[in-house]
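Novice: Protein chains in written order, with the numbering used here: chain A, 2 to 450; chain B, 2 to 450.
Glycine included, every Cβ here is placed at the ideal spot set by N, Cα and C.
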């Protein structure tokens, strides 16, 4: 059997490796349009924070290992441009423009996603940079090495923007952030957003709300830009990082007539099959089922990509695999804060037909009288009709990142708030109050549902 | 209705407060034999570590608050000595030896547990100290303030012993630990125990295994002791901390003919009722159901005590409450390590009729290439017959304490290893590899079951 994979990052290389482990006789061909495979994209902001670190530190497994040790036919510099479902072929061209075509028995589309760019004058200036691929990371680092960057503007306040704010602050760069909307973390209650806002401002980051960039101009070639914002401010800066979201790379799938899911992602079933049973999709280009709502969602994150890649490999090698989907768990660090979420937002819960109720509490990361305790804020959501736990959002200086996994598991298990409240969580004074902040949140929320 | 409570710490005062909140008309009387109520016993090792801190910092809520603000009839210095179930009365004596008796409609036994003392010559010397009550904590601190303590011996290597090893090391005291058995953390695999052993030894703690104390002698009155160990060693030290376990204070319950549970604890149902429907028991004196095995267990810990106290109050005020029980989650800190467990050990799993399989893995606390990653060791247990997750044991420098709550929730939900493996856990490079160490452990274990 020939298993062809388009895209050589998390989902693609996970699928390639696992397919070969499951059955060494399978002929696995991976087409990757860049020279990079299998790298930790999420590590880029932390790498950029350290001028001395090589971006290639983020490579998880070298191309040579895949090719020589794992016997995977990895073809870099190969861009697939079209899928011919009738002939079961992919067409493309190499970096030297030479065309190629290859037949497949099973095909995996793992083409990832691309960063959005603002559709405004000046968006293509060399100092306006996005961060998605390792090549993007190198471009930012090279730009910073070859230009004096004292002041940077970050467009967007999502997790890429916030992680880059930390990264650049670490490099003593004056950071400004701007977004069209009126608040930070709009998906949760204001208290949590305010805690992140205070942290950013206390570390010198300037936030501009209701401020969409409308025009970027170079001040002198390669040195400094002027950015006009929709709130009539004008900012000068040396570099602009664009973190206004990503879009799934699903054009080829769409052109091949495959069904699409939310936000233009490629719709897949629980075995990662697209609407063509010989074609799978996985990673940032594909959708997933949300375990809490049962509905299709597009939440492109690293764990899902790896897991989906494995599932594809297991499925094509004969395992009757079905993976349940995601519950929307995510975590990021912003300076000294940890921000985590799992499950739904109020809006998502309403749209899914729940009758959501939320409650936010303030607790502490350590026991009563234990030194060094930090504030933890939790917003918890439940369904007034069924008493089910629907989501948890959390911000704090310590004990947030890993704490989110307990409610994530509870969401997978379909627990009610009352059931979650009875869970036997760990207690020792250096790590939590005797009633864990999550239990305190559940206990308060249950009074409302 | 008169609700009488014997014992004024976690379970007793939780029940008293909640009963009054639920129904202010209830007459709540609490008898506490000491002068201390509602304190964080678990905080004592950390308080002892700081000579300048007052032991009373650990009081969570003052007696006056319970009496004046909450209208609870709290009688300190009152020791209840007997329960007359026929007459529905308790008998006792005050600290001035004056007898008292009081009738009850509902009674809660929340008498806690007492530390074991070794039954050897010299165990009653003033420098041989236990740590359970706040009074014990004061006694240790006073002893250290009034005697030169350069070298301490800790008998036992359970969590009290290990927390005290940290505490005394923090005070620059040379610490020796001795236990009768051959290894540290005998409930899990050797790799985890060895990691803790290495940490203790690297910070100067000397461990003596197969070494039961057989005789303690004073060298000169109040200054220095000689301890003979069963391995023929003889140690000199200035203070001995005894941490060889605790026993439930269930004598009164036994004398009153109530049914007992494991280790002589008081047997209770899921509403905390003893075999007498008007008498409840909660806290360290009472047993609980283990959610994984369905069997009675005695795992005296703080969260259960608080939760059981609340359940009693809810039940006597008319709520049809049933709490499922415990899954054996516990965490403690030893110097720079976090040690956590949830669920069963191999021995417990075998005794409960499972066909347990275990597997231990080594992972990291942060992503590939992220600076500052620390080793995390996980031993995970599953049932070969059903594929169910049975337990997780974990040791590491960071990210262990809160990470244990995810499998704890999975145990409450009765998840299989395969289901747990599909949970959507949080990932960001500062906090974990993309495959969380717990998922790596589940993925390896599943190959064995």
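Check each residue of the stretch 303-325 of chain B: if its Cβ is closer than 8 Å to any Cβ of chain A, include it; give the result in chain order.
Specialist: The residues in question are 303, 304, 305, 307, 308, 324, 325.
Novice: Of the residues A:159, A:12, A:19, which one's Cα is nearest the Cα of residue 33 (chain A)?
Specialist: Along the first chain, one-based indexing puts residue 33 (chain A) at 32. Closest option to residue 33 (chain A), Cα to Cα, is A:12.
Novice: Can you give me, in chain order, the residues of the stretch 361-382 of chain A that have a beta carbon less than 8 Å from any beta carbon in chain B?
Specialist: If the cut-off is 8 Å between Cβ atoms, the stretch 361-382 of chain A has 368, 369, 370, 371, 372 near chain B.
Novice: Would you check if the distance between the CB atom of residue 263 (chain A) and the CB atom of residue 299 (chain A) is smaller than 8 Å?
Specialist: Position 262 of the first chain, counted from the start, is the residue given in the question as residue 263 (chain A). Position 298 of the first chain, counted from the start, is the residue given in the question as residue 299 (chain A). The answer is yes: Cβ separation under 8 Å.
Novice: Threshold first: 3 residues or longer. Then list the beta strand (DSSP E) segments lying entirely within the stretch 198-254 of chain B, N to C.
Specialist: The qualifying runs are 207-209, 214-221, 224-230, 235-238, 240-243, 247-249.
Novice: Indicate the three-state DSSP secondary structure (helix, strand or coil) for residue 67 (chain A) in the structure shown.
Specialist: Counted from its first residue, the first chain places residue 67 (chain A) at position 66. Three-state DSSP puts residue 67 (chain A) in a helix.
Novice: Can you confirm whether residue 426 (chain B), when its beta carbon is compared against all beta carbons of chain A, has any partner nearer than 8 Å?
Specialist: Walking along the second chain from the start, residue 426 (chain B) turns up at place 425. At least one chain A Cβ lies under 8 Å of residue 426 (chain B).
Novice: Against residue 423 (chain B), what residues of chain A qualify as contacts under a CB-to-CB distance less than 8 Å, listed in chain order?
Specialist: As a working mapping, residue 423 (chain B) is identified with position 422 in the second chain. Those are 308, 324, 325, 413, listed as they occur along chain A.
Novice: Measuring straight from C-alpha to C-alpha, what distance separates residue 97 (chain B) and residue 30 (chain B)?
Specialist: Residue numbering aside, residue 97 (chain B) sits at position 96 when the second chain is read from its first letter. Residue numbering aside, residue 30 (chain B) sits at position 29 when the second chain is read from its first letter. So the two alpha carbons sit approximately 19 Å from each other.
Novice: Going by DSSP in three states, residue 263 (chain A) sits in which element: helix, strand or coil?
Specialist: For the purposes of this step, residue 263 (chain A) is taken as the residue at position 262 of the first chain. Of the three classes helix, strand and coil, the one that applies to residue 263 (chain A) here is helix, per DSSP.
Novice: Does any residue of chain B bring its CB to less than 8 Å from the CB of residue 416 (chain A)?
Specialist: By one-based count along the first chain, residue 416 (chain A) stands at place 415. Cβ-Cβ to chain B under 8 Å: yes for residue 416 (chain A).
Novice: Taking 8 Å as the cut-off, decide whether the C-beta atoms of residue 167 (chain A) and residue 302 (chain A) are in contact.
Specialist: Working through the first chain from its first residue, we reach residue 167 (chain A) at position 166. Working through the first chain from its first residue, we reach residue 302 (chain A) at position 301. Not closer than 8 Å, so no.
Novice: Check the C-beta distance from residue 377 (chain A) over to residue 365 (chain A) and give it rounded, since I have them as a contact under 8 Å.
Specialist: Taking the first chain and counting its residues from 1, the one referred to as residue 377 (chain A) is at position 376. Taking the first chain and counting its residues from 1, the one referred to as residue 365 (chain A) is at position 364. Going by Cβ atoms, the distance from residue 377 (chain A) to residue 365 (chain A) rounds to 6 Å, so yes, they are a contact pair.
Novice: Do you know how far the Cα of residue 187 (chain B) is from the Cα of residue 458 (chain B)?
Specialist: Nothing can be reported for residue 458 (chain B): it is not among the residues displayed for chain B, which extend from 2 to 450.
Novice: Residue 421 (chain A) and residue 434 (chain A) - do their beta-carbons sit closer together than 8 Å?
Specialist: Taking the first residue of the first chain as position 1, residue 434 (chain A) is located at position 433. Taking the first residue of the first chain as position 1, residue 421 (chain A) is located at position 420. In this structure, residue 421 (chain A) does not lie closer than 8 Å to residue 434 (chain A) by Cβ.
Novice: Inspect the beta-carbon positions of residue 50 (chain A) and residue 177 (chain A) and report whether they are closer than 8 Å.
Specialist: Against the first chain, residue 50 (chain A) aligns to sequence position 49. Against the first chain, residue 177 (chain A) aligns to sequence position 176. It is not a contact, given that the beta carbons lie outside the stated cut-off.
Novice: Using a cut-off of 9 Å between C-beta atoms, extract the partners of residue 47 (chain B) located in chain D.
Specialist: This model lacks chain D altogether, as its protein chains are A and B.
Novice: Report back the beta-carbon spacing between residue 26 (chain A) and residue 313 (chain A) to the nearest angstrom; my notes put them in contact at under 8 Å.
Specialist: Mapped onto the first chain, residue 26 (chain A) falls at position 25. Mapped onto the first chain, residue 313 (chain A) falls at position 312. Actually they do not touch by this definition, with Cβ atoms about 17 Å apart.
Novice: Taking the alpha-carbon positions, what's the residue 244 (chain B) to residue 181 (chain B) distance?
Specialist: Along the second chain, one-based indexing puts residue 244 (chain B) at 243. Along the second chain, one-based indexing puts residue 181 (chain B) at 180. For residue 244 (chain B) and residue 181 (chain B), the distance between alpha carbons rounds to 12 Å.
Novice: What first and last residue would you give for the beta strand (DSSP E) that runs through residue 438 (chain B)?
Specialist: What you label residue 438 (chain B) is simply residue 437 of the second chain in a count that begins at 1. Careful: residue 438 (chain B) lies outside any beta strand (DSSP E), inside the alpha helix (DSSP H) at 438-447.
Novice: Around the C-beta of residue 53 (chain B), are 16 or more other C-beta atoms found within 10 angstroms, so that it is buried, or is it exposed?
Specialist: Taking the second chain and counting its residues from 1, one reaches residue 53 (chain B) at position 52. It counts as exposed.
Novice: Suppose contacts are defined by Cβ-Cβ distances below 8 Å. Is residue 169 (chain B) in contact with residue 153 (chain B) by that definition?
Specialist: Taking the second chain and counting its residues from 1, the one referred to as residue 169 (chain B) is at position 168. Taking the second chain and counting its residues from 1, the one referred to as residue 153 (chain B) is at position 152. It is a contact, given that the beta carbons lie within the stated cut-off.
Novice: In three-state DSSP terms, what is residue 177 (chain A)?
Specialist: Against the first chain, residue 177 (chain A) aligns to sequence position 176. If DSSP states are grouped into helix, strand and coil, residue 177 (chain A) belongs with the strands.
Novice: Check each candidate in A:257, A:67, A:48 and name the one with the smallest Cα separation from residue 58 (chain A).
Specialist: To locate residue 58 (chain A), count along the first chain from 1; it is residue 57. The option with the nearest alpha carbon to residue 58 (chain A) is A:48.
Novice: Over what stretch of residues does the beta strand (DSSP E) that includes residue 365 (chain A) continue unbroken?
Specialist: Counted from its first residue, the first chain places residue 365 (chain A) at position 364. Start and end: 357-365.
Novice: Using 8 Å for Cβ pairs, my map puts residue 371 (chain A) next to residue 438 (chain A). What's the rounded Cβ distance?
Specialist: The count along the first chain starts at 1 and reaches residue 371 (chain A) at position 370. The count along the first chain starts at 1 and reaches residue 438 (chain A) at position 437. Not really, about 14 Å apart at Cβ, beyond 8 Å.
Novice: Pull the bridge partners of residue 47 (chain B) from the DSSP assignment, please.
Specialist: Your numbering for residue 47 (chain B) matches position 46 in the second chain. DSSP output for residue 47 (chain B) lists no bridge partner at all.
Novice: Nearest chain B C-beta to residue 405 (chain A) closer than 8 Å, yes or no?
Specialist: Position 404 of the first chain, counted from the first residue, corresponds to residue 405 (chain A). Yes, contact with chain B.
Novice: Under 8 Å Cβ-Cβ, which residues of chain A neighbour residue 384 (chain B)?
Specialist: Position 383 of the second chain holds residue 384 (chain B). By Cβ distance, chain A contributes nothing, its closest Cβ being about 18 Å from residue 384 (chain B), past 8 Å.
Novice: Report the partner residues of residue 271 (chain B) according to the DSSP bridge assignment.
Specialist: For the purposes of this step, residue 271 (chain B) is taken as the residue at position 270 of the second chain. Its beta-bridge partners do not exist; DSSP assigns none.
Novice: Is there contact here, the stretch 315-331 of chain A with the stretch 399-419 of chain A, by at least three beta-carbon pairs under 8 Å?
Specialist: With the cut-off at 8 Å, the stretch 315-331 of chain A and the stretch 399-419 of chain A touch.
Novice: Starting from residue 3 (chain B), follow its DSSP beta bridges and name the residues at the other end.
Specialist: Within the second chain, numbered from 1, the residue matching residue 3 (chain B) stands at position 2. Answer is B:28, bridged to residue 3 (chain B).
Novice: By Cβ distance, which residues of its chain are closer than 6 Å to residue 122 (chain B), with the 5 residues on each side in sequence left out?
Specialist: As a working mapping, residue 122 (chain B) is identified with position 121 in the second chain. Result list for residue 122 (chain B): 216, in chain order.
Novice: Can you name the start and end residues of the alpha helix (DSSP H) that residue 408 (chain A) belongs to?
Specialist: If you number the first chain from 1, residue 408 (chain A) lands on position 407. Run containing residue 408 (chain A): 406-413, per the alpha helix (DSSP H) assignment.
Novice: Which bits of chain B does residue 333 (chain A) rub up against, with CB to CB less than 8 Å?
Specialist: As a first step, residue 333 (chain A) must be located in the first chain, where it is residue number 332. Chain B residues near residue 333 (chain A): 429.
Novice: Do you know whose CA, among B:232, B:192, B:237, lies nearest residue 224 (chain B)'s CA?
Specialist: By one-based count along the second chain, residue 224 (chain B) stands at place 223. Checking every option, the nearest Cα to that of residue 224 (chain B) belongs to B:237.
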